[in-house]
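Encoded as structure tokens, the structure appears first; notes follow it.
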Amino acid sequence: MRRQQKVPGFITLVSRFLRWTGLLVLFLWALKNAGNYLVVSDPLEPAEVIVVLGGELERVDWAVTLYREGYAPYIILSGAARRMGYRAVSRGVPWEALILEDEARSTYENAVFCRRIILEQGFRSAIVVSSPYHMRRSKFTF
């Protein structure tokens, strides 16, 4: 009788293991696809200005690359502008090509303050640079 009781216990254990493994795989798949939903990338076309949203300094590096490749002659740095400006200059961008916007503390404020600068300067097109997972929110805001 004891042996018969162990078999159902073993089957229950294997069943639970398979269920939890399946749930983990499903969760990881959903997490990956949710992250991919946030990533938005449009084809690049030359513009009149590059807008860098404050945050990670890697964003400045992307903007510098676009600037060097001739996508735009000016870069607006929004958020922690001075720190980002030093980074851009250290990568070879002249101060004259930089426009600093240091008031923004959120994506919404980035959009409001950069829009004001874009209108004042008469720019008609812009490339927005942010991190991949921030782009969908940035696109909706801008």
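Everything in the sequence shown is counted per the UniProt record's numbering, starting at 1 for the first residue and increasing by one.
For every residue, glycine included, the Cβ atom is placed at its ideal position computed from N, Cα and C.
| Check | Outcome |
| --- | --- |
| Determine which residues share a DSSP beta bridge with S78 and list them. | L53 and E101 |
| Rounded to a whole number of angstroms, what is the C-alpha to C-alpha distance between S15 and T21? | 10 Å |
| Terminal residues of the continuous alpha helix (DSSP H) containing V60? | E58 to R68 |
| On a Cα-Cα basis, can you pick out the residue from G54, A97, R82 and S78 that is closest to C114? | S78 |
| Hey, A97 and Y71 are a contact pair by Cβ (cut 8 Å); roughly how many whole angstroms apart? | The pair is not a contact, with the Cβ atoms about 12 Å apart (cut-off 8 Å). |
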